[in-house]
Amino acid sequence: MTQISIIELRLYKAGNGPNSIRAVANALALCNEHNTGQQCRLEIVDILETPWRALQDGVLVTPTLLRISPKPTVRVIGDLSERAHVLVALNMG
Numbered sequence: 001m002t003q004i005s006i007i008e009l010r011l012y013k014a015g016n017g018p019n020s021i022r023a024v025a026n027a028l029a030l031c032n033e034h035n036t037g038q039q040c041r042l043e044i045v046d047i048l049e050t051p052w053r054a055l056q057d058g059v060l061v062t063p064t065l066l067r068i069s070p071k072p073t074v075r076v077i078g079d080l081s082e083r084a085h086v087l088v089a090l091n092m093g
């Protein structure tokens, strides 16, 4: 039996500005396109609605994508448009 590893991601955004919209679209695409053998869970947190969540994770800039699991936590800042670099940073490709 093959065990599927789970990648947990958390994207911090600020409202619906252009960078936030691009980051959400790119994060969703990453999860949908690059999850061979891995299950991807994406949580999207808007810091305008819950700013304390960003403080808990030490997020000072948006958009920021965190890989929560597997450990160690990895942080990618920006709209995630440089897909190859994001995949390498998250160990997804």
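Residue numbering for the sequence shown follows our numbering, starting at 1 and increasing by one per position. For each residue, glycine too, the CB sits at the ideal point set by N, CA and C. Fair warning: this is a prediction, and the values are worked out from it, not measured in the lab.
Going by DSSP, what residue range makes up the alpha helix (DSSP H) through I21? P18 to E33
Consult DSSP for V76 and reduce its assignment to one of helix, strand or coil. strand
For R10 versus L66, is the C-beta distance shorter than 9 Å? yes
What number of angstroms, rounded off, separates the C-alpha of C40 from the C-alpha of A14? 22 Å
Where L90 falls: helix, strand or coil (DSSP): helix
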